[in-house]
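Line by line, the protein sequences are chains A, B and C. For the first sequence, this note's numbering begins at 1 and goes up steadily by one. For the second sequence, this note's numbering begins at 735 and goes up steadily by one. For the third sequence, this note's numbering begins at 814 and goes up steadily by one. Read through the structure below, which is laid out as structure tokens, and then see the notes.
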Amino acid sequence: MTWNNNVEITDALVREHGLSADEYALCLKILGRTPTLTELGIFSVMWSEHCSYKSSKKHLKTLPTKAPWVIHGPGENAGVIDIGDNQAIIFKMESHNHPSYIEPYQGAATGVGGILRDVFTMGARPIANMNALRFGSPDHPKTRHLLSGVVEGIGGYGNCVGVPTVGGETNFHASYDGNILVNAMNVGLADQDKIFLSAAAGIGNPVVYVGSKTGRDGIHGATMASAEFTEDTEEKRPTVQVGDPFTEKLLIEACLELMSTDMVVAIQDMGAAGLTSSSVEMASGGGVGFDFNLDMVPQREEGMTPYEMMLSESQERMLIVLKPGREGEAKAIFDKWDLDFAVIGKITDTGNLTLTFKGEVVADIPTQPLADNSPEYDRPWVRTEPKAPLGEVAAPADMKQALLDMIGSPHLCSRHWIWQQYDTQVMADTIQKPGGDAAVVRVHGTDKAIAITTDCTPRYCYADPVEGGKQAVAETWRNLTAVGALPLAITDCLNFGNPERPEIMGQFVGCIEGMREACEVLDYPVVSGNVSLYNETNGTGIHPTPAIGGVGLLQDSSIMVTIAPQAEGEILILIGETKGHLGASLYLEVMEGREEGTPPPVDLALEKKNGDFVRAQIEAGNIAACHDISDGGLYVALAEMAMASNMGMTVAIDGGNIPPHALAFGEDQARYILSVPKNGADTVLEMAQKAGVMAQTVGNTGGDALTLTGTAPISVAELLDVHRGWMPDYMSID
Amino acid sequence: MKARIHVTLKNGVLDPQGKAIQHALSALGFGGVEDVRQGKYIELDLAETDPGKAQAAVEDMCKKLLSNTVIENYTIEIE
Amino acid sequence: MTPMKTAVVVFPASNCDRDMITALEKITGQKPHIIWHQDDDIPDVDMIALPGGFSFGDYLRCGAMAARSPVVRKVIEHADRGGHVIGVCNGFQVLTETGLLPGALMRNESLKFVCRDVHLKVENNDTPFTNAYEQGEVITIPVAHHDGNYFADPDTLTELEDEGRVVFRYVDKRGQAGANPNGSRNNIAGIINRRKNILGMMPHPERLIEDAQGGTDGLGFFKSMINALN
């Protein structure tokens, strides 16, 4: 074997590892000597943007992360919140953007696998998958292939492991042409006294490797996720790792079985930067050292070097610290599930990660400074210039056609082509499937249920990052509220362009500012998240996309409502104020091909007041159906309700001096449509008045057509036809 | 010795994957592909050194596991 | 009334096992036995269920490895004694791979996984699994599979049809043909063996037994077995 751990560390080699001169100087200072090749690789991945958050952490620290119901906030594998009865919900969303662009099926599949591991590592049984997907323009030649592969990959993995994929969002925009976004979220359920953390403890305790064998997969994947794409990036294909959902399923069952005993001291999945980041996080988190014999690492390929073993991103692997003397019992569990189990080392008091290979020490790094003194940048940023307010927008030639164009557009059309490829019902606790405001899954064997949603409106964030950041958080809060849930906390997946450009950094800072404000006012902290930067190709960045995953609780799942009115003759009540805001709206994009103006301002106090009122009405059983008003505005929301119930409605609304198309398609925030049984409408209106919430009766359900002010009647059948048509048609073209 | 096994769908059994490949080929401008059948290729490393015995053993494996004779045919090469 | 004793076989990557266990417990009032695929003994029960999932990863063919596992030989012995066996989804694939039921389940015609509610026509209610339904009744049950495209040669299909062994067929909500989610021959969704004690079906009745799940059309399937026992 010609491998040489002690090669000369040249400037070129350092640069190839993505370390700047300053970073390398810091590395020399920490080690007090020149690194070996293995050590250089370890520093390189640990200090990549993906693992170190070096450009973002200064700002992330400003987000609210605490509430009485938060058990563990950011810093662990996933966030943990209290849902009562000694139960906890554990959740996180994470990006797998770059790998999914290069190989959509495997990239998306391993994204799902990775986020599942983040959740079950902490002792939770995964109970729901969600996702937030962004593709380029439908006209872009790669979009079909990418959409098809990503959806199949998400389904292929989630369906096999037996965790329902209950929803998500899919957007198209040309800014994602060269950088799609695949953000996968998982939600798990655990007992509060069975939550496992990663901090290692107990000098001499065995460190165990379990799961799949290590191959040369994805070496430098974490570094790839931190570099801008260029034309030749597609040559990087071999670094994409391949997922094996069957092994993941076994790993879930084996780990949960192990965790039901008292053998586990600490546990951590091997995600990005594999064995390196898992061991460094566990050791530094516990203030201890790890001594590994790399010859013991289960290997899939011959002749693997320490460098390769430490940087491999082979999937479906975990690192576990066991109590002493329990190796045999633990191994029996992994044998039962036919998974590799190897004691690869032990905990030491040195604080160092010491790696031995064929009798030679190949790396010896103090973990605390490696993890904690990682570079942190205060990158220069400039505030995004405010957009000029939108002038007058011409009325459409025909309002009926405008509504059909909207609901049949790629942005608003039915996503059933996607959802049908996901097993949405396995575990038999899904009580609200994709297509509503939020997905709802029951907490197995209880009356409780968890509502989950993912949201972000990147065109708002692009036009005004602060308002966009606020809106993304507020919309998830509204979506959870609209099914009757109390919103508890969020996970965020912050996708941006190159942070070394001040205008991109300005977008990031602005979005964080807006998110912070929303989280504070709505009492809705961030408990986990992930940052994906450098989503940029040849200098063109994506729209800023802080995808938010929100989780809420229904104490009594039977009060849940959907967007579908239940009967003819129900009264439709509009909550909130309609001003007809068309700036940065979908109407402008779909009907006029323009992206201009300022996004609708978000009044967080009003959001809270209106939302709390709506939730109280749902909890009181006064509401038959509820839908929040977002993309596409009021008429789109009404059309969606009609389609969900397969029942018509008649709406007469006086917009005063608001032009009819602005009334119909304006995207003013903090609004909901309630469908209320006829004899309950007065009560709801009265209560609204008492609460100081703007509420007005706008119509009633019934018939088989949607009849809206200023619009010729449209049969629900025609709506459905148009709404369900676009995506299957689009995807059927080769 | 090595056994190379090809498992293919029987004639008359619809092969949706094959159809999809044929369609894609024609969309890419490869005309004249009249039919596509997709199958599996399985390679075994055998301890057996007698070709006859190897053939018989692999036949048995094909019948019992490697193919589903309701819908699939198999061919075996021993070398 | 004799309570129905049931068991659910669990393969490493079964994933609808919990759903089946939950449904059986709810309907029969007692917990089913859980049979791990490596178990040698199987308890004396009235009905054994092979649940949905991916058994051994299904990398070769769906259900192929599971069909050759030792526990399935025990299931065959149970069936030979006249015991009831149901195979749902992956369980149906296992039953065809063992030869307990004829035919094979191939990749969906669309080549895509399909999860949605489908309408089924009860083509034969004179079986231990369907007697609680009306003959010709149209019920709604979800499917969730990648390989549910039922195939059998023409002679076998004729035989199945002539002997009334096509138990469930995919139809539209009016009970008419033309709503087949996977391309199966003769719109077949579920079949039974000649002795009428082994049934395989792609749709998941265990997922639709409570209003909260969107309906209760799956209940009749389990109630039928309880009826048959008494």
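Cβ coordinates follow ideal geometry from the N, Cα and C atoms, glycine included.
Which of helix, strand or coil DSSP assigns to residue i
i	result
D721 of chain A	helix
P298 of chain A	coil
P941 of chain C	coil
E235 of chain A	With a pLDDT of 45 at E235 of chain A, under the threshold of 50, the predicted position of this residue should be treated as unreliable, though the coordinate-derived value follows. Helix.
E475 of chain A	helix
T110 of chain A	helix
M735 of chain B	coil
S715 of chain A	strand
A695 of chain A	strand
H72 of chain A	strand
D464 of chain A	coil
S827 of chain C	strand
V888 of chain C	helix
G469 of chain A	helix
H17 of chain A	coil
H444 of chain A	coil
Residues near residue i by beta carbon distance below 7 Å, same chain, minus five either side
i	result
M878 of chain C	S868 and F869
P35 of chain A	I9, C27 and F43
S100 of chain A	G107, A108, G111, V150, I180 and V182
L970 of chain C	R998 and N999
G900 of chain C	L863, V907, L908 and G1013
V608 of chain A	The residue asked about is misnamed: residue 608 of chain A is Lys in this sequence, not Val. Answer for K608 of chain A: V521 and L522, listed in chain order.
Neighbourhood of residue i by C-beta, 6 Å cutoff - its chain only, sequence neighbours within 5 removed
i	result
E838 of chain C	K844
F334 of chain A	V210, A254 and F341
Q669 of chain A	P600 and V602
L720 of chain A	M643
F829 of chain C	Looking at the sequence itself, residue 829 of chain C is Cys, so the reference to Phe does not match. Within the same chain, C829 of chain C has close Cβ partners P864, G865 and G866.
K451 of chain A	One detail in the question is off: residue 451 of chain A reads as Ala in this sequence, not Lys. So the qualifying residues of the chain are A438, V440, L480, V483, A485 and G552.
Beta carbon of residue i nearer than 8 Å to that of residue j
i	j	result
F496 of chain A	I504 of chain A	yes
Q241 of chain A	E313 of chain A	yes
A712 of chain A	F613 of chain A	no
D423 of chain A	G158 of chain A	yes
V265 of chain A	A201 of chain A	yes
L275 of chain A	F357 of chain A	no
H173 of chain A	R125 of chain A	no
T121 of chain A	I267 of chain A	yes
I575 of chain A	M649 of chain A	no
T809 of chain B	H740 of chain B	yes
W849 of chain C	V821 of chain C	no
C493 of chain A	S277 of chain A	no
Local Cβ density within 10 Å of residue i, reported as buried at 16 or more and exposed below that
i	result
F508 of chain A	buried
V7 of chain A	exposed
H958 of chain C	buried
P487 of chain A	buried
L762 of chain B	exposed
I733 of chain A	exposed
F905 of chain C	buried
P816 of chain C	exposed
M309 of chain A	buried
Q1026 of chain C	buried
E686 of chain A	exposed
R886 of chain C	exposed
N373 of chain A	exposed
Cutoff 8 Å; reference residue i; Cβ partners in own chain excluding five residues on either side
i	result
A395 of chain A	P659, P660 and H661
V119 of chain A	N77, A78, I90, F91, K92, P126, N186, V187 and G188
* At least three beta-carbon pairs within less than 8 Å, the stretch 716–732 of chain A to the stretch 696–707 of chain A -> yes
* To do: Flag this pair as touching only if the stretch 1002–1016 of chain C and the stretch 942–959 of chain C have three or more C-beta atom pairs under 8 Å; answer yes or no.
  => yes
* To do: State whether the stretch 948–958 of chain C contacts the stretch 1007–1025 of chain C, with contact taken as three or more CB pairs (one from each stretch) at a distance under 8 Å.
  => yes
* **Interface residues of the stretch 913–947 of chain C facing chain D [CB-CB below 7 Å]** => The structure shown contains no chain D; its protein chains are A, B and C.
* Is the stretch 562–582 of chain A close to the stretch 460–473 of chain A, with three or more CB pairs under 8 Å? -> no
* Stretch-stretch touch, CB-based, cutoff 8 Å, three pairs: the stretch 139–147 of chain A with the stretch 373–392 of chain A -> no
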